[in-house]
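In UniProt numbering, the protein residues as written are 1 to 115.
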């Protein structure tokens with residue numbers, strides 16, 4: 001009879017061990033599934049982030065192009081204004097290289113202008 005009880009206890013322990021092993025396997029599978037899910041979500045998030053960075057990069061590029069064009073326009077306007085100012089200060093016949101301009105009627109001090 002004690003041998004039967006030992007055998008019965010052994011079977012119960014084996015069943016318990018098998019149950020725990022099955023539970024362990026199920027937990028491992030669950031963990032692997034969660035890892036795959038997290039990796040997928042991370043890839044998706046990185047992909048979205050890359051797309052956002054790409055969009056921002058394109059926007060910045062467009063803004064730089066627009067500002068460059070605007071700057072070029074301002075440079076042209078400044079150049080045109082400088083020419084007009086020179087022409088007003090030195091009419092065509094009076095212009096000489098390195099000449100000092102004096103505009104006493106406006107109270108402007110003499111200024112060195114490059115032709």
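Every residue, glycine too, gets a C-beta built ideally from N, C-alpha and C. Nothing here was measured: the structure is a model prediction, and the numbers come from that model.
Here the alpha carbons of residue 43 and residue 34 stand approximately 14 Å from one another.
Straight across, the Cα-Cα distance linking residue 81 with residue 72 is about 14 Å. Take the alpha-carbon of residue 69 and the one of residue 62: they are about 11 Å apart.
In the three-state reduction of the DSSP assignment, residue 91 falls in the coil class, being assigned neither a helical nor a strand state. Secondary structure of residue 28 (DSSP, three-state): helix. Distance from the CA of residue 53 to the CA of residue 37, rounded to the nearest whole angstrom, comes to 24 Å.
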